[in-house]
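Note sheet for the following structure.
Numbering (our numbering), first residue to last: 10 to 164.
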């Protein structure tokens with residue numbers, strides 16, 4: 010797979026547009042349709058966007074967005090595969106699959122902003138997000154195909 014970093018020459022281009030261009034230019038997978046969304050996810054558009062898809066993969070880097078995506082997935086009855094990375098560690102969980110628990114079931118109230126460390130402050134080892142992304146993609150494929158045991162959160 011080709012890797013083109015988001016370097017200074019691409020700073021003025023939105024990441025969604027850049028990735029769509031690069032993947033279609035290098036013809037990484039001709040059977041995949043790339044749909045760039047040049048907008049911020051917010052409470053006004055989250056449900057409408059999430060309802061269009063069968064499985065939602067969340068790789069957001071902030072707590073408010075995680076809660077927003079979770080709430081929209083619960084409302085739309087969509088499974089949510091959530092992956093995150095910080096420092097040397099990663100976390101992967103499948104939420105809301107077949108009526109299973111959701112993110113709010115595990116964390117009912119968002120933590121105070123000042124108690125949450127992000128990658129800008131805490132750092133992340135470069136390979137960790139890639140590993141988590143691969144594991145997340147595997148869980149999405151397992152859910153979409155219905156052919157494998159899914160990593161499920163149980164209480």
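Every residue gets a Cβ at the ideal spot worked out from N, C-alpha and C, and that includes glycine.
In terms of alpha-carbon separation, which member of the options lies closest to residue i?
{"i": "residue 103", "options": "121, 114, 97 and 73", "result": "114"}
{"i": "residue 70", "options": "53, 123, 91 and 86", "result": "91"}
{"i": "residue 141", "options": "122, 93, 116 and 74", "result": "93"}
{"i": "residue 139", "options": "121, 159, 160 and 95", "result": "95"}
{"i": "residue 143", "options": "67, 44, 122 and 123", "result": "67"}
{"i": "residue 110", "options": "153, 160 and 154", "result": "160"}
{"i": "residue 116", "options": "130, 52 and 79", "result": "79"}
Based on the DSSP secondary-structure assignment, which residues constitute the bridge partners of residue i?
{"i": "residue 65", "result": "89"}
{"i": "residue 125", "result": "For residue 125, which the question treats as bridged, DSSP gives no partner whatsoever."}
{"i": "residue 95", "result": "98"}
{"i": "residue 133", "result": "96"}
From what residue to what residue does the alpha helix (DSSP H) around residue i run?
{"i": "residue 103", "result": "Where residue 103 is concerned, there is no enclosing alpha helix (DSSP H), although the beta strand (DSSP E) it sits in stretches over 98-104."}
{"i": "residue 59", "result": "55-59"}
{"i": "residue 115", "result": "112-115"}
Residue i: buried (16+ other C-beta within 10 angstroms of its C-beta) or exposed?
{"i": "residue 150", "result": "exposed"}
{"i": "residue 54", "result": "exposed"}
{"i": "residue 127", "result": "exposed"}
{"i": "residue 82", "result": "buried"}
{"i": "residue 62", "result": "exposed"}
{"i": "residue 130", "result": "exposed"}
Please confirm whether residue i and residue j have their CB atoms less than 8 Å apart.
{"i": "residue 107", "j": "residue 89", "result": "no"}
{"i": "residue 77", "j": "residue 145", "result": "no"}
{"i": "residue 72", "j": "residue 119", "result": "yes"}
{"i": "residue 85", "j": "residue 50", "result": "no"}
{"i": "residue 27", "j": "residue 46", "result": "no"}
{"i": "residue 134", "j": "residue 97", "result": "yes"}
{"i": "residue 125", "j": "residue 99", "result": "no"}
{"i": "residue 75", "j": "residue 43", "result": "no"}
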